[in-house]
Amino acid sequence: MAEEASAFNIHPMDQFVIKPLFGGHELNWYTPTNETLWMGIAILAIIGLLVLGTRGRAIIPSRTQSIAEMAYGFVYNMVVDVAGKDGLKYFPMIMTLFMFIVFSNFLGLLPMAFTPTSHIAVTAVMAMGVFLFVTILGFARNGMKFLSIFWISAAPLALRPILALIEIISYFVRPISHSIRLAGNMMAGHAVIKVFAGFAGALGLGAVAPILAISAVYALEMLVAFIQAYVFAILTCVYLKDALHPGH
Amino acid sequence: MASGTETTHDATADAAHGAADAGHAVAEHADGMPQLDFSTFGNQIFWLVLTLGIIYFVLAKIALPRIAAVLAERQGTITSDIAAAENLKQKAVEAEEAYNKALADARAKAGEIVAEAKAEIQAELAVAAAKADAEIAAKATESEAEIAKVRASAVESVKAVAKDTTKEILGAMGSKADAKAVTAAVNARMKG
Numbered sequence: 026m027a028e029e030a031s032a033f034n035i036h037p038m039d040q041f042v043i044k045p046l047f048g049g050h051e052l053n054w055y056t057p058t059n060e061t062l063w064m065g066i067a068i069l070a071i072i073g074l075l076v077l078g079t080r081g082r083a084i085i086p087s088r089t090q091s092i093a094e095m096a097y098g099f100v101y102n103m104v105v106d107v108a109g110k111d112g113l114k115y116f117p118m119i120m121t122l123f124m125f126i127v128f129s130n131f132l133g134l135l136p137m138a139f140t141p142t143s144h145i146a147v148t149a150v151m152a153m154g155v156f157l158f159v160t161i162l163g164f165a166r167n168g169m170k171f172l173s174i175f176w177i178s179a180a181p182l183a184l185r186p187i188l189a190l191i192e193i194i195s196y197f198v199r200p201i202s203h204s205i206r207l208a209g210n211m212m213a214g215h216a217v218i219k220v221f222a223g224f225a226g227a228l229g230l231g232a233v234a235p236i237l238a239i240s241a242v243y244a245l246e247m248l249v250a251f252i253q254a255y256v257f258a259i260l261t262c263v264y265l266k267d268a269l270h271p272g273h
Numbered sequence: 027m028a029s030g031t032e033t034t035h036d037a038t039a040d041a042a043h044g045a046a047d048a049g050h051a052v053a054e055h056a057d058g059m060p061q062l063d064f065s066t067f068g069n070q071i072f073w074l075v076l077t078l079g080i081i082y083f084v085l086a087k088i089a090l091p092r093i094a095a096v097l098a099e100r101q102g103t104i105t106s107d108i109a110a111a112e113n114l115k116q117k118a119v120e121a122e123e124a125y126n127k128a129l130a131d132a133r134a135k136a137g138e139i140v141a142e143a144k145a146e147i148q149a150e151l152a153v154a155a156a157k158a159d160a161e162i163a164a165k166a167t168e169s170e171a172e173i174a175k176v177r178a179s180a181v182e183s184v185k186a187v188a189k190d191t192t193k194e195i196l197g198a199m200g201s202k203a204d205a206k207a208v209t210a211a212v213n214a215r216m217k218g
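From first to last, the protein sequence lines are chains A and B. Take 26 as the starting number for the first sequence in our numbering and just add one per residue. Take 27 as the starting number for the second sequence in our numbering and just add one per residue.
Structure below.
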């Protein structure tokens, strides 16, 4: 892979390298990096949309305020529909995850940008956080009854131990699938775009096909950027529902 | 790819153990997947937790309560506006009814006035017509008397002219005219 990359001068994975922002080669745990920069830009964009965009508090909203309200209503309805009314206590948490992911994904589609959500460390921390949170919440609210999500009382008695095993495995796989789905989608899309961009660079002016391919993949990535944020948020709601109402 | 990752890790280990560097050396080009470079995880997790903390704080303390308040206020405004619109609609219906009633009243009154005026005019007209008829009748009688007088005088004149003419004609024919016979003949002709 390394030889091929040097032959075509394509380095699709370079965009994911974490570098100290202000030069140097040291990377301590507190060193600001390109990832820090794009997380910061995401924070500013979220503040711009949800705080500055709504500062008019208008009855008849401006365009930005409409978008902010739409985002609010989208996540709010998702929480109510999936986790129920008592899930609303955790609405700010889910909104935080959704806004961070959706902004990271879309900002990452800008040329030369960095995509924090393409890093497994980022998505795994979020997924593990959700996993630990809903597990602790489930036991705290329901005690040992929380374990009933593994014991399918609707199934025939003979099947229940087998189902319980499957349910337990799938429960512990949740954070892995939850995090790898997002990071994998982001990484794959960006790498594909970069590979096509490398072809375009190699072909020079005649690079019509790679540019068309980049446009098509870019459009697809716009869709994926939103869908993956949506999927991450709705799965968090589903897990939250299990913790709040383990019976069904 | 596997060897590449190992090299990075070796380099990382060297750098980490080196006296000069507390962190590790960063490669310009990625070997394998930068996502699996575990030496960056601490740094990423620190910044991620900080980022999520800031976003959570901003959303929970400022953005979400504000948007919720705006949405609630809008809902309230819409509800009260709908109520006000209902009220106004009711008023409009009442106003229309009052207007229609006033219009009907006015029509009825106008009809009465028209009938009254018609009757008055009719009476006046009858009086005037009777007066005119009487005047016309008087004038007609007067005129008839005048005409009769004129006619009588005309008959007399015609008789005189006829007598004179007859005498002259008879004189011219050479015979002496008998005045009595001429008068009798003229009178007889005039009657016939």
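Every residue gets a Cβ at the ideal spot worked out from N, C-alpha and C, and that includes glycine.
Output the distance between the C-alpha atoms of B/Glu150 and B/Ala158, rounded to the nearest integer angstrom.
Each residue's alpha carbon lies about 12 Å from the other.
Apply the 10 Å Cβ neighbour rule to B/Gly102 and answer buried if 16 or more other Cβ atoms are within range, or exposed otherwise.
exposed
8 Å Cβ cutoff met for A/Glu246 and A/Leu134
yes
What in chain A is Cβ-close to B/Tyr125, meaning under 9 Å?
Near B/Tyr125 there are no residues of chain A at all, since even the closest Cβ is about 34 Å away, more than 9 Å.
Helix, strand or coil for A/Thr89, going by three-state DSSP, please let me know.
helix
Are the beta-carbon atoms belonging to A/Ile252 and A/Ala208 less than 8 Å from one another?
no
How far does the alpha helix (DSSP H) with A/Met120 in it reach, from first residue to last?
Phe116 to Gly133
If you compare alpha carbons, which of A/Leu74, A/Val249 and A/Phe164 is closest to A/Arg276?
What the structure shows of chain A is the stretch from 26 to 273, and residue 276 of chain A is not part of that stretch, so it cannot be assessed.
Does A/Met153 have its Cβ less than 8 Å from a Cβ in chain B?
Residue contact check for A/Met153 against chain B: no CB pair falls below 8 Å.
Closer than 7 Å by C-beta to B/Val84: which residues in its own chain qualify, once you throw out the five before and the five after it? Chain order, please.
none
Specify, as a first and last residue, the run of the alpha helix (DSSP H) that A/Asn210 falls within.
Arg185 to Leu228
Would the beta-carbon of A/Ser279 fall within 8 Å of that of A/Met151?
This structure gives no information on residue 279 of chain A, because the portion of chain A shown stretches from 26 to 273.
Would you say A/His144 faces chain B, with C-beta separation under 8 Å as the test?
yes
Less than 8 Å between the CB atoms is what I'm expecting for B/Pro60 and A/Val42, so what's the real figure, rounded?
5 Å
What in chain B is Cβ-close to A/Phe158, meaning under 9 Å?
Going along chain B, no residue has its Cβ under 9 Å from A/Phe158, so there is no contact; the nearest lies around 12 Å.
Can you list, in chain order, the residues of its chain whose CB lies under 6 Å from that of A/Leu162, leaving out five sequence neighbours each side?
Same-chain partners within the cutoff: Ala268.
Terminal residues of the alpha helix (DSSP H) in which B/Gln148 lies:
First-last of the alpha helix (DSSP H) with B/Gln148: Leu90 to Ala198.
Are the segment 118 to 127 of chain A and the segment 75 to 93 of chain B in contact at 8 Å, needing three or more beta carbon pairs?
yes
With a cut-off of 8 Å on the beta carbons, I'd call A/Ala258 and A/Ile239 a contact; round off their distance for me.
So it is not a contact: roughly 28 Å between Cβ atoms.
Can you give me the C-alpha to C-alpha distance between B/Lys127 and B/Val119, rounded to a whole angstrom?
12 Å
Less than 8 Å between the CB atoms is what I'm expecting for A/Phe156 and A/Pro117, so what's the real figure, rounded?
Not a contact, Cβ separation roughly 19 Å.
Anyone know if the C-beta pair for A/Val242 and A/Gly214 falls short of 8 Å?
Yes.
Which residues in the same chain as B/Arg215 place their Cβ atom closer than 8 Å to its Cβ, once the five residues preceding and following it in sequence are excluded?
For B/Arg215, same chain residues with a beta-carbon under 8 Å away, outside a window of 5 residues either side, are Ala188 in chain order.
Is A/Met78 buried or exposed, if buried means 16 or more other CB atoms sit within 10 Å of its CB?
First, the residue type needs correcting, since residue 78 of chain A is Gly and not Met in the sequence shown. Result: buried.
Out of A/Leu265, A/Ile177, A/His36 and A/His270, state which residue places its alpha-carbon closest to the alpha-carbon of A/Phe158.
A/Leu265
Can you look up A/Pro9 in the DSSP assignment and give me helix, strand or coil?
Given a span of 26 to 273 for chain A in the structure shown, any question on residue 9 of chain A remains unanswerable.
Any chain B beta carbon closer than 8 Å to A/Arg82
yes
Chain B partners of A/Phe125, CB-CB under 8 Å?
Thr77, Leu78 and Ile81
Under 7 Å Cβ to Cβ from A/Val249, same chain only, skipping five residues before and after it: list those, please.
Asn210 and Gly214
Classify A/Phe128: buried if its beta carbon has 16 or more other beta carbons within 10 angstroms, exposed otherwise.
buried
Looking at A/Ile193 and A/Phe175, is the spacing between their C-beta atoms short of 8 Å?
yes
Give a yes or no on whether the minimum CB-CB distance between A/Phe139 and chain B is below 8 Å.
Not one chain B Cβ lies under 8 Å of A/Phe139.
Of all the residues that make up the segment 41 to 57 of chain A, which are near chain B by a beta-carbon distance shorter than 9 Å?
Under the 9 Å Cβ criterion, the segment 41 to 57 of chain A contributes Phe41, Val42, Ile43, Lys44, Pro45, Gly49, His50, Glu51, Leu52, Asn53, Trp54, Tyr55, Thr56 and Pro57.
Nearest to A/Leu260 by CA position, among A/Ile236, A/Gly272, A/Asp106 and A/Ser173, is which residue?
A/Asp106
Closer than 8 Å, Cβ to any Cβ of chain C: which residues of the segment 88 to 114 of chain B, in chain order?
The structure shown contains no chain C; the protein chains it does contain are A and B.
Spell out the partners DSSP gives A/Thr58 in its beta bridges.
A/Pro45
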